[in-house]
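Engineer: Just dropping this structure here.
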Amino acid sequence: MPPLSDAALDQLFRNARTHRWWDDRKIPDETLRRIADLAKMAPTNGNSSPGRFVFVVSQAAKERLKPHLDEGNVRQTMSAPATVIVAHDMEFYEKLDFLAPHSKDARSWFTGSAETIAHTALHGSTLQGAYLIMAARALGIDCGPMGGFSREGVDKAFFPDGKTRSNFLINLGYGIPEKLRPRAPRFAFDEFCRIE
């Protein structure tokens, strides 16, 4: 597989930024579907795919989300064309007959251990959410991932059955470059990596 061009790497990594200000363009539903179709390709433990995404687009859904946002995140979230609630299904293992047909009784790897279930669900949804960011960027959509919200409140508002738990939020849209802060520093290789 050949490496991506520098222009592609710039779009995905070097020039990509966390946006907080958005122009008024809507994101077509078809684009949101394409983003999800790419994000679902993320590697997860045993192909467990515990991530669940809610694309908050309608004004009614935004109003359900708003009271659970930290004050500093209200403006950027309410003005974004879409906000993704990246969540995880705590009963993901019930789908493993379909998702992991190559493994005999993959469900048994997780049942009986609440700690293993919780770790696998959170870890997998985080990977899937990171892929969602990259998928959105690849399709020309800017992202504003964030914490800063009441997970308990969001879970009650969007996942009242208690089987799904929120992990983090990603605002999606067409960012306004002039509103970006200067890029914050990053570590040099030797400050966060080593090769052994």
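The number in the working numbering is simply the position in the sequence shown, starting from 1, with 949 added.
Using N, Cα and C, we set each Cβ at its ideal position, and we do this for glycine too.
Please report whether the beta-carbon of MET1095 lies at a distance below 9 angstroms from any beta-carbon of chain E.
Structural biologist: In the displayed structure, chain E is absent; only one protein chain is listed.
Engineer: When you compare the segment 968 to 979 with the segment 1114 to 1133, are there three or more beta-carbon pairs, one atom per stretch, that lie closer than 8 angstroms?
Structural biologist: yes
Engineer: Quick one, which of ASN1022, ASP1019, PRO1030 has its alpha-carbon nearest PRO1205's?
Structural biologist: No statement about residue 1205 is possible, as the shown extent of the chain runs from 950 to 1145 and does not include it.
Engineer: Skipping 5 residues on each side, what residues in its chain have a beta carbon closer than 8 angstroms to that of ASP1046?
Structural biologist: ALA1055, ARG1056
Engineer: Is it true that the CB of SER1052 sits closer than 9 angstroms to the CB of PRO999?
Structural biologist: no
Engineer: Determine the direct distance from the alpha carbon of SER1028 to that of LEU1014, and round the result to whole angstroms.
Structural biologist: 13 angstroms
Engineer: The alpha helix (DSSP H) spanning LEU1081 covers which residue range?
Structural biologist: 1063 to 1087
Engineer: Report buried or exposed for PHE1004, applying the criterion of at least 16 other Cβ atoms within 10 angstroms of its Cβ.
Structural biologist: The residue in question, PHE1004, is buried, as its Cβ has 16 or more Cβ neighbours within 10 Å.
Engineer: Since THR980 contacts ILE1144 with CB under 8 angstroms, what's their CB separation in whole angstroms?
Structural biologist: Going by Cβ atoms, the distance from THR980 to ILE1144 rounds to 39 angstroms, so no, they are not a contact pair.
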